[in-house]
Amino acid sequence: MPNQTAIPCTIFRGGTSRGPYFLASDLPEEREIQDRILTAAMGSGNEMQINGIGGGHTLTSKVAIVGPSQHPEADVDYLFAQVSVEEFSVDIGPSCGNILSGVGPFAIEKGLVAAQDGETVVRVRNVNTDSLIHVVVKTPGGVIEYEGDTVIDGVPGSGAPVILNFLDVAGTKTGKLLPTGDVRDEIDGIEVSCVDAAVPMVLIPAKSLGKTGAESKAELDADSELLARIEKIRREASLKMGLGDAAGKVIPKVALLSEPRHGGTITSRYFVPHNCHASHAVTGAICVAACIAVPGSVARDVAVCPEGEQKPIRIEHPSGKIDVILEVEGENADNLELKRAGLVRTARLLFSGQIHIPASIWAPGATQPVEV
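In terms of my numbering, the sequence shown is residues 10 to 381.
Okay, structure coming up:
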């Protein structure tokens, strides 16, 4: 019997993140075994993830599990897993819009969706949030196009655009755009807005915590007092939002908001949740944009909103900017409806092959395929 198990694996850079993509049929059904496989594959338990393919960072320790969907309005199911770098743990509570950018190309590469001439729409059900996203992939001549002129901040070079259209983004985890029932809540003496759009978040004015909001990731990560204060607010907000104790969990997320400085709509420092994101999460960008759309929110205090015809909400972050186009109906918090959120990302296929894990963790044929 071989002492290692080979599992088919494809690695994509999706947006500003990177990680392995697996077919659901290539993984076991039991979640505990699946978690052990993923932590072994990524090399968790070591800050460099030296014994696996993880990159020693939360942005490069992410996994996508994809399979055919039974949902009548979806082609594939996508389960996102955030694999801890230094601990042997996996969190499937949140989603990831950047890793989602690679799901469309992966589904086409693996024959789950047939490529069309010109562009192909891959209808995705996000299992983490039970939401639907249409991923538009460039496929001239029925072949995926990875090269192009689209540039996204936080990624060197350029690539072909991958368009993400998120449908019905409000209340993806809690069932409500405003989970606490209020536009503003006072937590630990600070006025915040708790919003659930694509991902549950606690939005905090940076100045209320003694920050300008323009600090670098390194400056924010080095401020232990700030991180402790943010965590205290996050955990109390989680209870108010109906998400339970947030200890050891990555949702709700947090963003420090301030006025734009480079012609955008707002500045955001997004936390994941115990350090600042090097750029900005896609789902987090949608939630920040949604907060701006809510009259009376803390985001409205610092945002410079575009006027006239629909224009993208431009969120400035440590590596540049990210644009979100919201389709909104209603004019106040009571009747506001978020119909769609659209973003442009890029993705690149990096590797196709097999990942090897110890056979003691999982031997072939020991379990049934995972159902996502």
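Cβ atoms here follow ideal geometry from the backbone N, Cα and C, with glycine treated the same way.
Query                                                                                                                                                 : Result
Starting from Pro-214, trace the beta strand (DSSP E) in both directions and tell me its first and last residue.                                      : 208 to 214
Within 8 Å, do at least three Cβ pairs link the stretch 210 to 219 to the stretch 243 to 261?                                                         : yes
Evaluate the contact criterion for the stretch 268 to 287 versus the stretch 174 to 184: three or more CB pairs, one atom per stretch, below 8 Å.     : no
Would Gly-168 and Gly-157 be called neighbours here (beta carbons separated by less than 9 Å)?                                                        : yes
Please name the residue in Pro-304, Pro-269, Glu-336 and Asn-341 whose C-alpha comes closest to that of Val-311.                                      : Pro-269
Can you tell me whether Ser-225 is buried or exposed, with buried defined as 16 or more other CB within 10 angstroms of its CB?                       : exposed
Excluding the 5 residues flanking Pro-11 on each side, which residues of the same chain have their C-beta closer than 7 Å to its C-beta?              : Ala-368
Taking DSSP as the reference, what is the three-state secondary structure of Phe-115?                                                                 : helix
For Leu-347, which beta-bridge partners are listed by DSSP?                                                                                           : Val-337
With a CB to CB cut of under 6 Å and the five nearest residues on each side skipped, what residues in its chain are close to Ser-140?                 : Thr-181
Looking only at C-alpha atoms, which of His-283, Trp-371 and Cys-203 sits nearest to Val-297?                                                         : Cys-203
Looking at the structure shown, is Asn-107 part of a helix, part of a strand, or coil, going by DSSP?                                                 : helix
For Gly-120, is the classification buried or exposed, using 16 other Cβ atoms within 10 angstroms of its Cβ as the cut-off for buried?                : exposed
Under a Cβ-count criterion, where at least 16 other Cβ atoms within 10 Å of its own Cβ denotes burial, should Phe-97 be classed as buried or exposed? : exposed
Tell whether a beta-carbon distance below 9 Å holds between Ile-239 and Ser-217.                                                                      : no
Work out the CA separation of Ile-42 and Thr-376 for me, nearest whole Å.                                                                             : With a pLDDT of only 46 at Thr-376, under the threshold of 50, the placement of this residue in the model should not be trusted; the figure read from the coordinates follows. Cα to Cα, Thr-376 sits roughly 9 Å from Ile-42.
For a cutoff of 9 Å on Cβ pairs, would you count Leu-32 as touching chain E?                                                                          : The structure shown has no chain E; it contains just one protein chain.
Measuring CA to CA, which of Glu-38, Phe-21, Ala-49 and Ile-108 is closest to Ile-370?                                                                : Ala-49
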